[in-house]
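What follows is a set of notes on a single structure, which appears directly below.
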Amino acid sequence: MKRKRLITATAISAVIALGLSACGGGDGDDGDGGGDNTTPEFNAAIGKVFNPSDQTGGIIKMANNGDWDSLDPGETYYGYSWDFLRLYGRALVMYKAAPGDASSELVPDLAESLGEASDDAKTWTYKIRKGVKYEDGTEVTAKDVKYAVLRSTDKETFPNGPAYWEGFLDLPEGYKGPYKTPDLNTDQAIETPDDYTIVFHLKTPFSGMDYLAQLPQTVPVPQDKDTGARYREHVISTGPYMFDTNELAKRFTLKRNPEWSKDNDPNRNPLPDGFEVALNVNQDDIDNQLMSGDLQVHVTGTGLASAAQGRVLSDPELKAQTDNPYLIRLWYTSVNPLVKPLDNIDCRKAIMYATDRTGYQRALGGDIAGGDVATHVLPPQIPGSEDFDLYPSKDNKGDLDKAKEALKACGQPNGFSTKVTYRNERPQEKAVAESLQQSLKRVGIELTLQGYPQGDYFSQYAGRPPFAQQNGLGLVVNGWGADWNDGFGFLSQIVDSRVIRETGGSSNISVRLPEVDQMLDDALVELDDSKREALWGDIDKRVMEEAVILPGVIAKVLLFRGEGLTNVFVNEQYGYYDYMAMGVEQ
12 MKRKRLITAT
22 AISAVIALGL
32 SACGGGDGDD
42 GDGGGDNTTP
52 EFNAAIGKVF
62 NPSDQTGGII
72 KMANNGDWDS
82 LDPGETYYGY
92 SWDFLRLYGR
102 ALVMYKAAPG
112 DASSELVPDL
122 AESLGEASDD
132 AKTWTYKIRK
142 GVKYEDGTEV
152 TAKDVKYAVL
162 RSTDKETFPN
172 GPAYWEGFLD
182 LPEGYKGPYK
192 TPDLNTDQAI
202 ETPDDYTIVF
212 HLKTPFSGMD
222 YLAQLPQTVP
232 VPQDKDTGAR
242 YREHVISTGP
252 YMFDTNELAK
262 RFTLKRNPEW
272 SKDNDPNRNP
282 LPDGFEVALN
292 VNQDDIDNQL
302 MSGDLQVHVT
312 GTGLASAAQG
322 RVLSDPELKA
332 QTDNPYLIRL
342 WYTSVNPLVK
352 PLDNIDCRKA
362 IMYATDRTGY
372 QRALGGDIAG
382 GDVATHVLPP
392 QIPGSEDFDL
402 YPSKDNKGDL
412 DKAKEALKAC
422 GQPNGFSTKV
432 TYRNERPQEK
442 AVAESLQQSL
452 KRVGIELTLQ
462 GYPQGDYFSQ
472 YAGRPPFAQQ
482 NGLGLVVNGW
492 GADWNDGFGF
502 LSQIVDSRVI
512 RETGGSSNIS
522 VRLPEVDQML
532 DDALVELDDS
542 KREALWGDID
552 KRVMEEAVIL
562 PGVIAKVLLF
572 RGEGLTNVFV
582 NEQYGYYDYM
592 AMGVEQ
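Read in order, the letters of the sequence shown are residues 12 to 597 in my numbering.
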C-alpha cells in the first residue's frame, strides 16, 4: 500500500510477537500542493496536487466492483476502506493528507498529540480533543475509544479486521471482548482515568505505538449505540460526513455531519456536500463510466482493467487523466500446504519452476498497469529486501525440466490437479488464475478455477483453513501491502503462523513455519537497524525455500482521474487517491 521512497518506522525495542498480525508511488517530490497544476497530463497527481481548489459543494460519485468488506472501523482491512473511512471516522492518529513523502508523517487526529511513552515504552498515553461530537451531538470520550479497541478483539464477531491489539495489550486471561466477557476488568490493558485521557498498557515495550493508534480500530464507538455485527449498517460518525443511506451490497451515501467542527479538526477540509458509492458494479462498466464522465472514482484503487488499458494508453486525452504509481505491494499466489499433494515440498517447487512469470505479469496489466516481475516476497522498497531468485528460468518463462524433476521427486511424475481461487470482482485476478492454468498445464498440473466474493474472500473462503482444505483450494491468488514502513509491517500478516485463525479472516493462507515465527520475534527485539533489516531478508529467503508463496509482481496501478475532480493526489500510504482531500467542480 505504500510508495516508492519510505520513511522507516520508529526503531522497535524489546518486542516479542505474541500472536500478532500486520495488515494491504511515483518518483515525485514531496509536493506542497501549490502551483497551477490544472492541465491534465500523465502522472499529474503523483507527488503534487492536481487541480487545486477550495470550492465546496457537489457530490462525488464512486463505485466498487465488489462489496465492501465492512464499513465498521473495527472490522475493515482493505486499504481503500481505511482511506475512505477518514471521511466518517476519526482515529487517535492518522497519516498526513498530503502528496509525496509528506504522507508518511503521522499526525494526531482525535488525539491532541502523538502518544507519550512511559515504563520503557510499555505504557502509552493519549489525550483526547475536547468537544469532538458524534452525529447525534453526544461528546466523544476516552471510554468510547477504549470500547472500540476492545470490541475489535472479538474475532468471531469481527473476523476481517487486524489482530494487533489482542497481541500487544496486557489483556486479562480469558478475555474475549466486551460481548462475551463483559464482566472482566480490562484496566490492566486500557485505562481511562478521565473523559479525555486513555492509557494503553502493553505486554512488552513497543516504540511504534503511534502506528497502532492510526488503525481504524481506534475510531470511537458509543457503547449504547453498538449493534455488534450489525454496526456496519449504520456507523455513528465522528468525521465531517455521516451515513445518509446504506443499502447493503448495493449502495450507500454520505452527507455532511452537522456536529463536526473544524475547530477541533485541523486535518480535514471537507469540500463536497456528499458521496455516492455504488457497490458490486461490473469492472468494465466502472471503467466506461469513468471515461464517459458519469463516474469520478473507482474506490478500490485497483485501477483500470485490461479491457480499458489499451484504449486509454493509446488515446492522449484519456492517458492525460491517468496516474501510474508504484506500490509497495506484492501480487502473489499462496500455495497451500494443507491441500494434498501440496503438502509435499517438491510438488510446491514444481509450481514455482513451471510458472511463466511473464504471463502472470501480463495478466495483471503488463509492466505499466501490472508491475515488475517478482522473484521473492519482500518488495525492494522495504529496508532489508535483497534481490534473489531460488527458481530461475530463462526470460522468466519457467523451467519445465526442473518442474518435471520436482514432480518426479514428489511422486507425481504425470502431474496432479488442484483448484486456484480468485476474487470474483477482480478480472485481473481471474486472468492470473487463467495464466497459471496455462503455465502449469505444460507439465501436467491441471487447475480448476474457482471464484469467491471479494467481501468474504478471507473470512469465509480462501482465508478460512477448514473450508480451504475441505474444498481443495491449493492455490489462492492474493495480494498484500504494508500497514507501516518496515519488514514487520509488511511480512507478519502473511508469514506469521500465529495469525492464522481457524474461523477465518487471516491473509496468511500458506505459511506455517515455527522457525519463521521465531525469526520474526528475533527481528522485533533486535535494536540494531542493519541487523534487524537483515533478518527481514532472511525471513524472505526461508519462506521462498519452502515454496509456499509464489511471487507475481511488485505492483503498479493505472488510476483514472474522473472528470471534474479537484485536489487530486496519490496518498502514498494508501497507494491511491486521497479521498479525504478531494472536491468536485460545480
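For every residue, glycine included, the Cβ atom is placed at its ideal position computed from N, Cα and C.
In this text, all values refer to a predicted model and were calculated from it rather than measured experimentally.
Item, Value
"Report, in whole angstroms, the separation of the C-beta atoms of glycine 100 and proline 227, which I expect to be a contact under 8 angstroms.", "6 angstroms"
"Rounded to the nearest angstrom, how far is the Cβ of asparagine 171 from that of glycine 492, given a contact under 8 angstroms?", "16 angstroms between Cβ atoms; not a contact."
"Assuming glycine 77 and glutamine 461 make a contact with CB atoms under 8 angstroms, what is their CB distance in whole Å?", "Wrong, their Cβ atoms sit about 16 angstroms apart, outside the cutoff."
"Using only alpha-carbon positions, find the residue among Val232, Tyr343, Ala414, Gly285 that is nearest to leucine 486.", "Tyr343"
"Flag this pair as yes or no: are the beta carbons of valine 308 and methionine 73 separated by less than 8 angstroms?", "yes"
"Between Glu574, Tyr585, Met591, Asp65, which lies nearest to serine 303 when the distance is taken from Cα to Cα?", "Glu574"
"By Cβ distance, which residues of its chain are closer than 8 angstroms to asparagine 48, with the 5 residues on each side in sequence left out?", "Ala55, Lys59, Val60, Phe61, Asn62, Pro63"
"Please name the residue, chosen from Met555, Thr152, Thr134, that lies closest to phenylalanine 179 on a Cα-to-Cα basis.", "Thr134"
"Across which residues does DSSP place leucine 315 in a beta bridge pair?", "None, per the DSSP bridge assignment."
"Do serine 317 and proline 233 have their C-beta atoms closer together than 8 angstroms?", "no"
"How about asparagine 335: is its C-beta nearer than 8 angstroms to some C-beta of chain C?", "Here there is only one protein chain, and chain C is not present."
"Let me know if phenylalanine 211 comes out buried or exposed under the rule of 16 or more other beta-carbons within 10 Å of its beta-carbon.", "buried"
"My understanding is that alanine 361 touches alanine 444, with C-beta atoms under 8 angstroms, so please give their C-beta distance in whole angstroms.", "Not really, about 18 angstroms apart at Cβ, beyond 8 angstroms."
"In the DSSP assignment, what are the bridge partners of alanine 331?", "Beta-bridge pairing links alanine 331 to no other residue."
"With DSSP run on the structure shown, which of helix, strand or coil describes glycine 381?", "coil"
"What are the start and end residues of each continuous beta strand (DSSP E) run of 3 or more residues lying completely inside the stretch 355 to 439, in chain order?", "382 to 384, 428 to 434"
"To the nearest angstrom, how far is it from the Cα of isoleucine 393 to the Cα of aspartate 131?", "27 angstroms"
"Going by beta-carbon coordinates alone, are glycine 376 and leucine 570 separated by less than 8 angstroms?", "no"
"If arginine 359 sits next to leucine 411, beta carbons under 8 angstroms apart, how far is it from one beta carbon to the other, in whole angstroms?", "Actually they are not in contact, since the Cβ atoms of arginine 359 and leucine 411 sit about 16 angstroms apart, beyond 8 angstroms."
"Around the C-beta of glycine 36, are 16 or more other C-beta atoms found within 10 angstroms, so that it is buried, or is it exposed?", "For glycine 36, the predicted model reports a pLDDT of 34, less than 50, meaning its position is unreliable and no value from the coordinates is stated."
"I need the boundaries of the beta strand (DSSP E) containing methionine 105, first residue and last residue.", "104 to 106"
"Note the first and the last residue of the continuous alpha helix (DSSP H) segment covering serine 129.", "Careful: serine 129 lies outside any alpha helix (DSSP H), inside the beta strand (DSSP E) at 127 to 129."
"In the DSSP assignment, what are the bridge partners of alanine 289?", "Ala74, Arg262"
"Taking C-beta to C-beta, are glycine 69 and proline 216 nearer than 8 angstroms?", "no"
"Would you call lysine 166 buried or exposed, if buried means 16 or more other Cβ atoms sit within 10 Å of its Cβ?", "buried"
"Can you tell me where the beta strand (DSSP E) holding asparagine 48 begins and where it ends?", "It is not in any beta strand (DSSP E) - asparagine 48 carries neither H nor E in the DSSP assignment."
"Tell me which residue opens and which closes the alpha helix (DSSP H) that phenylalanine 95 is part of.", "90 to 96"
"Below 8 angstroms on the Cβ atoms is my guess for glutamine 225 versus tyrosine 106; work out the distance and round it to an integer in Å.", "6 angstroms"
"In the DSSP assignment, the alpha helix (DSSP H) including serine 163 goes from what residue to what residue?", "153 to 163"
"Which of helix, strand or coil does DSSP assign to phenylalanine 501?", "helix"
"Roughly how far, in whole angstroms, is the beta-carbon of isoleucine 606 from the beta-carbon of serine 345, given that I think they are within contact range, below 8 angstroms?", "The structure shown does not extend to residue 606, since the chain spans only 12 to 597, so no value can be given for it."
"Whole alpha helix (DSSP H) runs in the stretch 502 to 564 with 4 or more residues, listed along the chain?", "525 to 536, 540 to 557"
"Since I believe glutamate 146 is in contact with asparagine 268 (beta carbons under 8 angstroms), could you give me their beta-carbon distance rounded to a whole number of angstroms?", "5 angstroms"
"Since tryptophan 342 sits in a beta bridge, which residues does DSSP pair it with?", "Gly490, Val564"
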